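Numbering (the working numbering), first residue to last: 299 to 958.
To keep things clear, I will list the structure first and then write my remarks on it.
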């Protein structure tokens, strides 16, 4: 006898014992287990991955879902293919919209082997140019870069064509120092040069260390593009009031709608890289000539100001007090670099602040500080302190002293430190590090796994997320206990009672599940010391959470709390305020709503959390929302409760699932 689960539209039919054979509706087979959650939004990019034909159907080669799952072959679902003839369904796994919907979709396989459906990621393959032209690719739900080792002019030309900027591109490379958690997506693109999109090339995903930094594309502007620009009034060559040349005159730009995306285009046209910043209100002085442009609105991808949306020439409602300016700082505030070493993963640590590079004093410098510095530079393995004087002494400013990282920070600037430029050191005390260039193993970075709490009611509670392999992800609640929670809270700097929460109690995450079966004794200092399984190896869909500095709630019938004990808790939260109540409504007689069903998810500690409501539609079937099953669900973990007329409690009925 098969277990039964059928989905019609985007509702889920769950069959309860006794078993009744109901035929699924073919038109809704795609609603197995609900759809996958959407990923982060995109801005200022060009993709074209889901361009529809004139009749409204998608006929492209996209074959990945929003969460990055590979699509299944349509011939694995012959009944669906027969129901929609001549709609592009055949011997392939490309996304399609046979019903004529706005978004193509496909079937995919869950980790359990069950089949689900999901909308396809129409932004898969989107590209954008950042700062001096660094190519970033949207791939499997994340923005990332491309390794520059094998980057060619053919590859750069395809990027320029996809962005609509030019047919000719020049390949360059830049250092990837200081990019933080941005991952590498592609080892190489391998384009012929005539493709319309980068993902139409014979690309290779990452399989080895990238040695020569990020891929950069320089797009040759079309003929006639680019009115001359200059920066006036700044103290440095990369800053000033923006002036544009038109009709034989130099004139200014009004700062209406002026923002950093406009500054990025200005700086790119002038040949500056780094971190562009828009400034307003004539910060670099008022111009003397005409005001030539207003309402400039660039997306950030343009090669020149002429390609941006803007007013007509000399059409404005401004005075020179509103002249726009830019700072094309070649380095971003908070950037760090390694200097004086023989390899890219070693050297003297230098930081960039307020327009200048400077060194870091070794007072209080530890291996944990070195780990954070290496992580910020993009190295994921363990870090080692350099010997005193191993690298040549720096020159210029000593910008940081008394750095005291805890190990969870993603940037050296997130750590406590002295005031900028305040120190009692000489350059003989400059710190240096050795970073590991090729390691993502959990065992090697165990003490340095960053942890954060997300979606809680405050800073002391939330879903536990860890940073691994360049991406934040959650922790499975298999075996999640208060001992595990205690280690997380300890790593976060809290010393009070820690309470473990399971079954996505503190909201469900949409990122990957990185860790499973964490086994802490409670004596560890970081969660990484408890890890027994490598990242992304799991069979789980329920996220773990914690509440730090937890105070047990008193039972409602214990109302004898005296005023002294309350005042003794001053400054601390007495009750966990994730408490629910019903406002208004009428009293309901027991058994008065016999068609209502509750679906409860069993946990590891004999408790059960309400997963979703449902409606009894026959003596064997209940109907519930598909989003209740948007991740893999083990049906044996769900207990339905029926609001049938019974004197004491709701009826508990077994649940069955059929796999087609």
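Using N, Cα and C, we set each Cβ at its ideal position, and we do this for glycine too.
For clarity, every value in this text was computed on a predicted model and none was experimentally measured.
With respect to 7 angstroms, is the separation between the Cβ of residue i and the closest non-hydrogen atom of the ligand SAH below this value?
i: residue 408; result: Among the components modelled here there is no ligand, and therefore nothing to report on the ligand SAH.
Going by other Cβ atoms of all chains shown within 10 Å of its Cβ, with 16 needed for buried, is residue i buried or exposed?
i: residue 315; result: Note on residue 315: pLDDT 41, under 50, position unreliable in the model; the coordinate value appears next. Exposed, by the Cβ-count rule.
i: residue 720; result: exposed
i: residue 828; result: buried
i: residue 915; result: exposed
i: residue 559; result: buried
i: residue 840; result: buried
i: residue 374; result: exposed
i: residue 292; result: No information on residue 292 is available, as it lies outside the stretch 299 to 958 that the chain covers here.
i: residue 380; result: exposed
i: residue 603; result: buried
i: residue 614; result: buried
i: residue 650; result: buried
i: residue 778; result: buried
i: residue 893; result: exposed
i: residue 566; result: buried
i: residue 398; result: exposed
Using the three-state DSSP reduction, which class does residue i fall into: helix, strand or coil?
i: residue 364; result: coil
i: residue 918; result: coil
i: residue 755; result: coil
i: residue 406; result: strand
i: residue 847; result: coil
i: residue 355; result: coil
i: residue 458; result: helix
i: residue 812; result: strand
i: residue 621; result: strand
i: residue 595; result: strand
i: residue 559; result: helix
i: residue 827; result: helix
i: residue 466; result: coil
i: residue 371; result: coil
i: residue 517; result: strand
i: residue 682; result: strand
i: residue 422; result: coil
i: residue 720; result: coil
Measure the Cβ-Cβ separation of residue i and residue j and say whether it is below 8 angstroms.
i: residue 591; j: residue 552; result: yes
i: residue 618; j: residue 704; result: no
i: residue 639; j: residue 689; result: yes
i: residue 396; j: residue 406; result: no
i: residue 702; j: residue 731; result: no
i: residue 433; j: residue 427; result: yes
i: residue 467; j: residue 451; result: yes
i: residue 445; j: residue 484; result: yes
i: residue 355; j: residue 386; result: yes
i: residue 391; j: residue 417; result: no
i: residue 978; j: residue 786; result: A query on residue 978 cannot be resolved here, the shown segment of the chain reaching from 299 to 958 and no further.
i: residue 471; j: residue 511; result: yes
i: residue 724; j: residue 699; result: no
i: residue 760; j: residue 752; result: yes
i: residue 360; j: residue 422; result: yes
i: residue 733; j: residue 781; result: no
i: residue 568; j: residue 626; result: yes
i: residue 789; j: residue 766; result: no
i: residue 580; j: residue 557; result: no
i: residue 792; j: residue 847; result: yes
i: residue 692; j: residue 648; result: yes
Taking residue i and residue j to be in contact with their CB atoms under 8 angstroms, please state how far apart those CB atoms are, rounded to whole angstroms.
i: residue 774; j: residue 747; result: 15 angstroms between Cβ atoms; not a contact.
i: residue 967; j: residue 363; result: It is not possible to answer for residue 967, since the shown part of the chain is limited to 299 through 958.
i: residue 654; j: residue 623; result: About 21 angstroms; that fails the 8 angstroms criterion.
i: residue 564; j: residue 527; result: 6 angstroms
i: residue 670; j: residue 644; result: 16 angstroms between Cβ atoms; not a contact.
i: residue 348; j: residue 358; result: 7 angstroms
i: residue 621; j: residue 593; result: The Cβ separation is near 14 angstroms, so there is no contact.
Using DSSP's beta-bridge definition, name the partner residues of residue i.
i: residue 690; result: In DSSP, residue 690 forms no bridge with anything.
i: residue 841; result: 774
i: residue 760; result: 844
i: residue 482; result: 443
i: residue 728; result: 659
i: residue 512; result: 445, 472
i: residue 548; result: 543
i: residue 895; result: 912, 940
i: residue 436; result: 441
i: residue 765; result: 770
i: residue 527; result: 542
i: residue 786; result: The partner list for residue 786 (beta bridge, DSSP) is empty, contrary to what the question assumes.
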